[in-house]
Amino acid sequence: MFTQSRSYLMSSSCNKNHDGRNAFMKPESHQFLRAVILFGLALFILKLLISGDIQKFIAPRMMPYIYFTLIVIGVLGAIQYFKTGNDEEHENCGCAHGHEYPKSKLKSLLIYALFIVPVLTGMMFSDHVMGSSAAANKGFKYEMRSTDSGLSTEVSPEVEDIDPIESNPGVLTPKKRFPDLYQTMTESNVIQLTEDNYIGSISLMEDHMGEYIGKEIVMNGFVFREDNYPEDRIVVGRFGISCCVADGGIYGVMVQGENLSTYKNDTWVEVRGVLNMVDYNGWELPLIEPKEINEIETPHEPYVYETFEFSG
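Residue numbers (UniProt numbering): 1 to 312.
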């Protein structure tokens, strides 16, 4: 009699712990909610792919990983969904560890909110294109070095015929990264910056500016100013992405001329002018002396992406 009573009490206690572990949500509800979160994340990625807005977050060369991620998340969501209600098999899966769910209502809400809120905000709010405010936070990349040289439009002497950096096979210079583009820019009298050659062209101009002085250039981008810029100076550039927006940085060229104060930050313009060279904070940089500036619409793909050619 005593043994039977003890056995009954232990069984009741075990069932209570199993069925009443979380008065806020049953185990089936946890599993279903996790499946919904996974499906929601998959739908969010699918939305970005269909709309093309995925290009505002990652570079095209990362797309295979996004497709793989979408498939994996979808499969995991399906597995989680079909596990819903099969709690007995879940508990006796033989995996040598417990399957406890959060016992606290607040803890459950906080954990699931970490996943639900990002998915909902991604679905509800429009995507934002980085502009001058993001550029100001990141800073124009040449602000890192400061000297008392200020800004001078004097042309530097010709570089030496033998460049020890270019001759070093262990150093990957823009000339080695973009050999075909380098040859095209050197032979052409007009340098036309496009979405495909934007980063490469600016990188080559910065490294071999002496070869391009006096050539005509045509480029577009948004207007950006540093706080210490005079009214007759702006930067026209675009955000360049290597892998994702987290590593994005502004690639641009200084423009100096009259009536530039009329162009507000984030205004998209097309500039046609002549290339010169300036010394800015210890860096020899390309400068455009504009002949013509026209406002344009924001491109469908406002960012440019890093590509490589490589030479042997």
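All C-beta atoms, glycine included, are put in the ideal place defined by N, C-alpha and C. Here the structure is a predicted model, which means the values were calculated and not measured.
- In the DSSP annotation of this structure, Ile-45 is not part of any beta strand (DSSP E); the continuous alpha helix (DSSP H) holding it starts and ends at 27–51.
- Shown here, Glu-297 sits in coil according to DSSP, grouped into three states, outside any helix or strand.
- For the 8 Å CB-CB criterion, Ile-296 and Leu-260 do not form a contact.
- The DSSP-derived three-state label of Tyr-229 is coil.
- When DSSP reads this structure, Val-269 sits in a beta bridge with Gly-221 and Glu-295.
- By alpha-carbon distance to Asp-232, the top candidate from Val-190, Ile-288, Asn-197 and Tyr-251 is Ile-288.
- Beta bridge pairing from DSSP links Gly-237 with Phe-222 and Gly-252.
- Here the segment 76–84 makes no contact with the segment 46–59; the two share fewer than three CB pairs at distances below 8 Å.
- Counting C-beta atoms within 10 angstroms of its own C-beta, Tyr-65 has fewer than 16 neighbours from the protein chains shown and is therefore classed as exposed.
- Glu-28 and Val-117 have their C-alpha atoms some 22 Å from each other.
- Residue range 63–83 is occupied by the alpha helix (DSSP H) that includes Val-75.
- Judged by DSSP secondary structure, Gln-183 falls outside any beta strand (DSSP E) and instead within the alpha helix (DSSP H) spanning 179–187.
- Note that the C-beta distance between Gly-237 and Phe-224 is below 8 Å.
- Per DSSP, the beta bridge partners of Leu-287 are Met-254 and Asn-276.
- Under the three-state reduction of DSSP output, Tyr-303 falls in the coil class, being neither helix nor strand.
- Here Gln-55 is not bridged, per DSSP, to any residue.
- The criterion of a C-beta distance shorter than 8 Å is not satisfied by Glu-206 and Leu-275.
- Closest by C-alpha distance to Lys-83, out of Ala-113, Lys-107, Gly-240 and Val-36, is Val-36.
- Look at Ile-116 here: in three-state DSSP terms it is helix.
- Residue environment analysis places Thr-267 among the buried positions, since at least 16 neighbouring C-beta atoms fall within 10 angstroms of its C-beta.
- Following the DSSP letters along the chain, one finds Ile-199 inside the alpha helix (DSSP H) bounded by residues 198–207.
- Take the alpha-carbon of Val-218 and the one of Phe-32: they are about 56 Å apart.
- With respect to Pro-230, Gly-257 sits apart: the two C-beta atoms are not nearer than 8 Å.
- Tyr-263 is positioned such that its CB atom lies no closer than 8 Å to that of Tyr-198.
- In the structure shown, Val-245 adopts helical secondary structure according to DSSP, grouped into three states.
- Ser-51 is classed as exposed because its beta carbon has fewer than 16 other beta carbons within 10 Å across all chains shown.
- Between Val-255 and Lys-215, the C-beta gap is not smaller than 8 Å, which leaves the two residues out of contact.
- A straight line joining the alpha-carbon of Thr-121 with that of Asp-53 spans about 15 Å.
- In summary, Phe-125 is exposed, with fewer than 16 beta-carbon neighbours lying within 10 Å of its beta-carbon over all protein chains present.
- Annotated as proximal: Val-245 and Phe-57, with beta-carbon spacing under 8 Å.
- The three-state reading of DSSP puts Ile-213 in coil, since its state is none of H, G, I, E or B.
- Boundaries of the beta strand (DSSP E) around Val-190: 190–192.
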